[in-house]
Amino acid sequence: MTHTLGSASPLALAAALLVAGAILALVLPRPARPVAAILTQLMATVIVLGAIAPVLTTGAVLEAAMRWSFPVQRVVLRVDPLSAFFLSWSLPMTLIGTVYGTSYLEPSVRKGRNAGPHFALLNLTALAFVVVYSVQNALAFLLGWEIAAVAAWLLVIWDYTNQKVRFAGFNYLVSTHVGLFVLVAAFMLLYAKTGSMEFDSFRAILVQRGGTRAAAFLLLGASFALKAAFFPFHTWLPRAHAAAPAHVSALMSGVIHKAGLFAFLRFTLLLGRPEEWMGWGVLGFGAVSAFFGVLYTAVQRDLKRLLGYSSTENVGIAAIGFGVGYLGLAWDQPALAALGFGGGLLHVFNHALFKCLLFYAAGAVYRQAHTVDLERLGGVLRRMPRTGVLFLIGALSIAALPPLNGFVSEFAIYRALFSGLAPSPTTAIGLVCVAAALAFAGAVSCLSIVRAFGIAFLGSPRDPSVQPAGEVPGAMWGPMALHAAACLAIGTLPTLGLRLIRTATAQFDARAVGAISIALGPVQSATATFSLVVLLGGAIGWWSGRHARRHVTWGCGYTAGNPRMQYTASSFSAQFAAIFEGFLPHRRRGRLPTEIFPAESSHLSTHHYDAVEQRMFEVLGQGEEMISNASQRIPEQPRFAFAAGLITLAILVGLILRGSP
Amino acid sequence: MSILLHGALILVLCPLVVGLLGRTKALWTGRRGPPLLQLVFDLHRLLRKRAVFSDVTTFVFRLSPYLVLASALTAVAVVPVLGVRAPAAFPLDFVWFAYVAGLGRMALMLGALDTGSSFEGMGASREATFGALLEPALFAVMGAMCLKTGVSSFGSALLLEARGGGGIVWGASIVALFIGVQVESARMPVDDPTTHLELTMVHEVMILDHSGPELAALQAAAALKLTVALGLVATLLNPLVGRAPTSVVVSANVAMTGLLAVFLGTVESLVARLKLRVVPQYIVVAFAAASAALLATTLRGSAP
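Residue numbers (this note's numbering), protein chains in the order written: chain A, 27 to 687; chain X, 825 to 1128.
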């Protein structure tokens, strides 16, 4: 490899450091392995942040070219503001996650487990970010993409002796490679048209309207949607997040899968001016993802699964922002583009902040109580006050409530949806409908997180055997505190977050990049006032409660209440789930009492399963049978024959219309 | 209008609205009813008492009533309750309002769950479900009003009548918002605030364990929420908005709010509470009305 490194040489240095750290984490004496990983990551992070700071503030681009052997030949490294934005938080968050991991894995390490490979893989994940976010060559991009995917798989199956964990791991591995095939197909298509693997030469074909552009857009979109776990490509995600160690779930959900959104934006920049249908596609896809993702969060009993589904919801919200941005570009409305892309980018960052925080807190509960089953938990806040308060901050952020950061980015997206900049009344109504869907997602995520926090952390333990063994060590709550502080900072001072995304937003449309700070200006002062009133209210509450008398909870006249009688997670969401029964199928097992004095004992269990996954496995398992059954039923059932006739007719009409220009 | 005057007027209006409502219900049942300022007496009595906290509770229970009150107090500043521009109006203030109110709702629900009481969990679950169903209706109504008037804030309510009074958008918005009032402030036919059976309550059951000053804060917040919501509907109904001097508009709006309280009390006296299973369908009516308002914005001659 010959180097002709330009201004991007710090990136190569960081990459080398990360590789060295990975090797050291495999060969050093065991206690030094995590230290090697953390130190090299710290150095790499400092180097990269130092190099990209000017890119974020001024928009200047770092660039370098390297020669490499066949088939890549020439790799261009380029850090533009978009790359710089993603790098600026991905590397520090990976570092924080690694620190958390040292403490989270400590019980297994104490039992003799070798954690070296795990830390080496975390280093490789950081390396994958450096590669994916900077290279401009499709083959080198695929290399980084694959490093991230395989490293994530190996990180997920840390607890590989458990069959469920292995299944979740393979499920993830297969899904991510299906996405890879689609991505490769897209690159092959573009290579066939341009004869080059450089992103810059892709641009020439992507800016022209036509079939290739549409096909490439759909293929790339599908692949990146799978990576970022959009509905209905999300099925691997809740399993993987529930199975992985907490810091791996956090990094996957908050950071690694954001690569899918990054790649989507990278190709958006190559598209030039997108067509309107693309915007509506992204917008609709995002809204559907937010809607179904949030519905599923409402019924999960595994806290980490719940957080996993909420990732699907939040990438959906970010995609709503990007979709509006697309429409802004298509309609030539710079303010709309700036609000949409800016709000979406900010939401990506905010989601990483609060989702990592929540996963870390869930991991802390798991480590101390050995379960994250909401039906068994309760009263954790009194045993683990720090974790509880930090989880509460994350909960307020994820429900997008002021004065926390989730609200800031959603507000920017609402500003775009209600801007009234749509060209016709019908399109304006479309945007308002998406806003209503976003409002629904917000309210349901409030329900879900109240349920998660209220059931797990408040009340008393529903299963007396689940008693957390006290607070977690500083290496675990420290990372949470950092994330919580960032959530509060951006929530109360939205301009801080805007500083990160300003130059990246300007890449999409530089004309109205100030629109987002204009939109958020009044919110900042309103939120500041609100925070003061809340603080004042809290202080009065604290002061007024100091002389309160202690007594038992009022049982409405019943005096033999016990913790098993508390409302459970399932009962909390039962009414909501019943309304959306069509989308939230569940299995009931059990035997109910039949007579007035039942002779036999009775029991009941309900279990919500993922409708998409169920259907997917059904088709994979019995697909042939289903098709042959259907074809046999055509002659028997008139409605099937009618449908088949309609389809044939449609095809015929299509052929005739095509044939007569 | 200055923020102090706006706030002071609403604070005065608050006990009157609650008193009128109570009086109306009493009259319908053939009683004389409590004095109009009963709320003030209640709060005064509660503030002198000492609170009782359950052993199970944490700081969440201790702080939640004051957070509910704080969110209600702050949210007031952006709603044009008096028929004139709200003192702190800004673009998209209704989104801010909805989420600030959401913080209050979350505090209320967490306070309820903190006691570990199954009754209070039940109330919290209902509140969360109804809230989730109502939220899209509110946003669709506001979206319709914004599209109709070209102003994207609560202020659009002030212009709606001038730009299409009597139209479908106007009528449907009022229907949707009125149902919203009934849900949000826990009135019949969604919730019966005076029932004796905890199993069937929504709002009252969540505050079962609160007492003394904490209960006072919650009652004040509930009264504030009711007044603000009725004031907003009154602004939409008020024919003088934008056509008369400020003092006349404000007095008309205050009178209108009082009339609405009487109307609400009448509805409450004549209608039975819906089955809890049917309540979601009632809320869907609000959403349907909101959608009708939204669709009606495309009708000819309605462009801003």
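Each residue gets a CB set at the ideal place from its N, CA and C atoms; glycine is no exception.
For my contact list, A530 (chain A) and F111 (chain A) are in at a C-beta cut-off of 8 Å; report their separation, rounded to the angstrom.
Contact holds; Cβ gap of about 4 Å.
Helix, strand or coil for F666 (chain A)? Go by DSSP, reduced to three states.
Here F666 (chain A) sits in helix by DSSP.
Just the Cα atoms here: how many angstroms apart are S134 (chain A) and G504 (chain A)?
Roughly 21 Å separates the two Cα atoms.
Measuring alpha carbon to alpha carbon, tell me which of A:Y352, A:A554 and A:V470 ends up nearest L309 (chain A).
Here the closest residue by C-alpha is A:Y352.
Scan the segment 825-852 of chain X for residues whose Cβ lies nearer than 9 Å to a Cβ of chain A and list them as they occur along the chain.
Here the close residues number zero.
In chain order, what residues of the same chain lie with their CB nearer than 7 Å to the CB of S976 (chain X), ignoring the 5 residues before and after it?
Contacts found: P915, L916 and C970.
Using a Cβ cut-off of 8 Å (strictly closer), state whether S878 (chain X) contacts chain A.
Closer than 8 Å to some Cβ of chain A, the Cβ of S878 (chain X) qualifies, so yes.
Applying the 10 Å Cβ sphere with the 16-neighbour rule, what's the burial state of Q648 (chain A)?
With fewer than 16 Cβ atoms within 10 Å of its Cβ, Q648 (chain A) is classed as exposed.
Since V1078 (chain X) contacts L1064 (chain X) with CB under 8 Å, what's their CB separation in whole angstroms?
Actually they are not in contact, since the Cβ atoms of V1078 (chain X) and L1064 (chain X) sit about 12 Å apart, beyond 8 Å.
Determine the burial state of V1109 (chain X): buried for a count of at least 16 other Cβ atoms within 10 Å of its Cβ, exposed for fewer.
Exposed is the call here.
Tell me whether M27 (chain A) sits in a helix, a strand or coil according to DSSP, three-state version.
Note that M27 (chain A) scores a pLDDT of 41, beneath 50, so its modelled location is shaky; the value from the coordinates is reported in the next line. Three-state result, M27 (chain A): coil.
Following the continuous beta strand (DSSP E) through T898 (chain X), name the residue where it begins and the one where it ends.
Element bounds for T898 (chain X): not the beta strand (DSSP E) but the alpha helix (DSSP H), F883 to V900.
Determine which residues of the segment 916-932 of chain X have a Cβ less than 8 Å from any Cβ of chain A, and write them out in chain order.
Hits within the stretch, in order: L916, D917, V919, W920, A922, Y923, V924, G926, L927, R929 and M930.
Assign P664 (chain A) to one of two classes, buried (16 or more other C-beta atoms within 10 Å of its C-beta) or exposed (fewer than that).
Looking at its Cβ environment, which holds fewer than 16 other Cβ atoms inside 10 Å, P664 (chain A) is exposed.
For Q359 (chain A), count the other beta carbons within 10 Å of its own beta carbon; 16 or more makes it buried, fewer makes it exposed. Which is it?
That one is buried.
By a C-beta neighbour count over all protein chains shown, 10 Å radius and 16 as the cutoff for buried, is Q1043 (chain X) buried or exposed?
Buried, because 16 or more other Cβ atoms sit within 10 Å of the Cβ of Q1043 (chain X).
So, is R641 (chain A) buried or exposed, given that buried needs 16 or more other C-beta atoms within 10 angstroms?
Label assigned to R641 (chain A): exposed.
Would you mind sorting G500 (chain A) into buried or exposed? The rule is 16 or more other CB atoms within 10 Å of its CB.
G500 (chain A) should be labelled exposed.
With a 10 Å radius around its C-beta and 16 neighbouring C-beta atoms as the bar for buried, classify F623 (chain A) as buried or exposed.
With fewer than 16 other Cβ atoms within 10 Å, it is exposed.
Taking 8 Å as the CB-CB limit, is F943 (chain X) close to chain D?
The structure shown contains no chain D; its protein chains are A and X.
Report the residues of the segment 590-617 of chain A with a CB closer than 9 Å to any CB of chain X, ordered along the chain.
Taking 9 Å as the Cβ-Cβ cut-off against chain X, the residues of the segment 590-617 of chain A that qualify are M591, Q592, Y593, T594, S597, F598, S599, A600, Q601, F602, A604 and I605.
Helix, strand or coil for P1128 (chain X)? Go by DSSP, reduced to three states.
Note that P1128 (chain X) scores 42 on pLDDT, short of 50, meaning its location in the model is unreliable; the coordinates nonetheless yield the value given after this. It is coil, neither helix nor strand.
For a test of the three-state rule: what should DSSP assign to E89 (chain A), helix, strand or coil?
Note: E89 (chain A) maps to strand in three-state DSSP.
DSSP three-state label for S878 (chain X), please.
It is a strand residue.
Under the assumption that V391 (chain A) contacts A482 (chain A) (Cβ atoms under 8 Å), give the Cβ distance between them as a whole number of angstroms.
About 7 Å separates the two Cβ atoms, so the contact holds.
For G280 (chain A), which of A:N376, A:L232 and A:V320 has the nearest alpha-carbon?
Answer by Cα proximity: A:N376.
F865 (chain X) CB to nearest chain A CB: under 8 Å?
Taking Cβ atoms only, chain A never reaches closer than 8 Å to F865 (chain X), which makes this a no.
Buried or exposed, going by whether 16 or more other CB atoms sit within 10 Å of the CB of R874 (chain X)?
Exposed: under 16 other Cβ atoms inside 10 Å.
Anyone know if the C-beta pair for M1012 (chain X) and V1091 (chain X) falls short of 8 Å?
Yes.
Taking S1093 (chain X) as the reference, which of X:A1112, X:F943, X:D866 and X:T848 has the closest Cα?
Of the listed residues, the one whose Cα sits closest to S1093 (chain X) is X:T848.
State yes or no: is the C-beta of V158 (chain A) within less than 8 Å of the C-beta of A285 (chain A)?
A contact, by the Cβ cut-off of 8 Å.
Indicate the three-state DSSP secondary structure (helix, strand or coil) for D358 (chain A) in the structure shown.
It is coil, neither helix nor strand.
Below 7 Å CB to CB, which residues in the same chain sit around I346 (chain A) once its five sequence neighbours on both sides are set aside?
Here the set comprises L309, G312, A313, A316, I439, V460 and L464.
Roughly how many angstroms lie between the CA atoms of K1049 (chain X) and S1009 (chain X), to the nearest whole one?
Cα to Cα, K1049 (chain X) sits roughly 7 Å from S1009 (chain X).
Just how far apart, CA to CA, sit G583 (chain A) and A1113 (chain X)?
Rounded to whole angstroms, G583 (chain A) to A1113 (chain X) spans 42 Å at the Cα level.
Closer than 9 Å by beta-carbon distance: list the chain A residues that pair up with F978 (chain X), in chain order.
Near F978 (chain X) there are no residues of chain A at all, since even the closest Cβ is about 12 Å away, more than 9 Å.
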